[in-house]
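Peer 1: The sequence shown begins at 1 in full-length UniProt numbering and counts up one residue at a time.
The C-beta atom is built at its ideal place from N, Cα and C for all residues, glycine as well.
In this text, all values refer to a predicted model and were calculated from it rather than measured experimentally.
Quick one: the structure is below, and I'll ask about it shortly.
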Amino acid sequence: MATGELRPGRSKEEKEKSLPPCKVTLTPGLLRALHSQVNGRLIVQSKEIEQKWNDLGLPHDILRRIMTVGGFGTEIEWMKFFALGCSTIDSNITNAMKYAFEILSSNEESGRIPYTTFRFLYSYLAMIDGEIHRSQIEKMLNNIERQVAESDGLVKVSDFTSNCR
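Here's what the structure looks like:
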């Protein structure tokens with residue numbers, strides 16, 4: 001039986017039925033798929049997000065949690081929903097932001113996003129988090145703004161993580 005043989009009296013179908021169900025959860029890949037389906041729109045209808053969510057086979061409890069935390073109604077600011085999706089993948093704000101960088105940037109951009117996008121996402125997640133003092137948020141944003149002003153206005157993951165220390 002060590003070589004994958006079936007126990008006597010068990011069919012292959014019975015063996016497959018006895019496997020534990022696979023728990024689907026929100027992953028960076030699924031959030032990327034959802035983000036690409038929204039196609040750059042700022043406002044998305046909640047019914048559309050719910051349909052796309054169902055099409056991806058994602059659990060309703062996660063969608064309800066995002067909708068509740070965001071206080072969303074019928075019209076949803078997509079980037080706020082996206083930010084909360086990143087936070088659902090990892091509740092640590094630094095890691096959630098790393099996922100945002102990963103999902104929003106293409107390979108040729110080496111994980112960089114526009115400063116305005118970074119500022120919006122970080123400010124929103126920090127506000128939702130509630131544990132980061134406003135002065136810390138402003139200090140972080142000012143430091144990064146100075147760094148990117150000297151280059152092309154794009155924030156790299158390392159710009160962010162080096163300012164988290």
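Taking the alpha-carbon of residue 172 as reference, which of 143, 77, 158, 58 has the nearest alpha-carbon?
Peer 2: The chain is shown from 1 up to 165; residue 172 falls before or after that span and cannot be answered.
Peer 1: Ends of the alpha helix (DSSP H) at residue 32?
Peer 2: Start and end: 28-38.
Peer 1: For the beta strand (DSSP E) containing residue 44, name the first residue and the last one.
Peer 2: Its beta strand (DSSP E) spans residues 43-45.
Peer 1: Helix, strand or coil, according to DSSP, for residue 141 in the structure here?
Peer 2: The answer is helix: DSSP assigns residue 141 an H, G or I state.
Peer 1: With DSSP as the reference, please indicate the residues paired to residue 155 in a beta bridge.
Peer 2: DSSP output for residue 155 lists 113 as bridge partner(s).
Peer 1: Between which residues of its own chain and residue 137 is the CB-CB distance below 7 Å, once the five residues before and five after are set aside?
Peer 2: Once the five neighbours on either side are set aside, the close Cβ partners of residue 137 are 123, 126.
Peer 1: Using DSSP with H/G/I as helix, E/B as strand and the rest coil, what is residue 103?
Peer 2: Looking at residue 103 - three-state DSSP - the assignment turns out to be helix.
Peer 1: Candidates 152, 149, 52, 160: which alpha carbon is nearest residue 102's?
Peer 2: Nearest C-alpha to residue 102: 160.
Peer 1: Drop a sphere of 10 angstroms on the beta-carbon of residue 91, count the other beta-carbons inside from all chains shown, and report buried for 16 or more, exposed for fewer.
Peer 2: Under this definition residue 91 is an exposed residue.
Peer 1: Mapping DSSP to helix, strand and coil, what is residue 62?
Peer 2: If DSSP states are grouped into helix, strand and coil, residue 62 belongs with the helices.
Peer 1: Beta carbon of residue 75, beta carbon of residue 45: below 9 Å?
Peer 2: Cβ atoms of residue 75 and residue 45: closer than 9 Å.
Peer 1: How would you write the range of the alpha helix (DSSP H) that residue 132 sits in, first residue to last?
Peer 2: Careful: residue 132 lies outside any alpha helix (DSSP H) and carries neither H nor E.
Peer 1: So what does DSSP say about residue 48, is it helix, strand or coil?
Peer 2: Three-state result, residue 48: helix.
Peer 1: Quick one: is residue 69 buried, meaning 16 or more other Cβ sit within 10 Å of its Cβ, or exposed?
Peer 2: Answer is exposed; the Cβ neighbour count stays below 16.
Peer 1: Would you tell me roughly how many angstroms separate the C-alpha atoms of residue 105 and residue 27, rounded to the nearest one?
Peer 2: Their backbone Cα atoms lie some 16 Å apart in a straight line.
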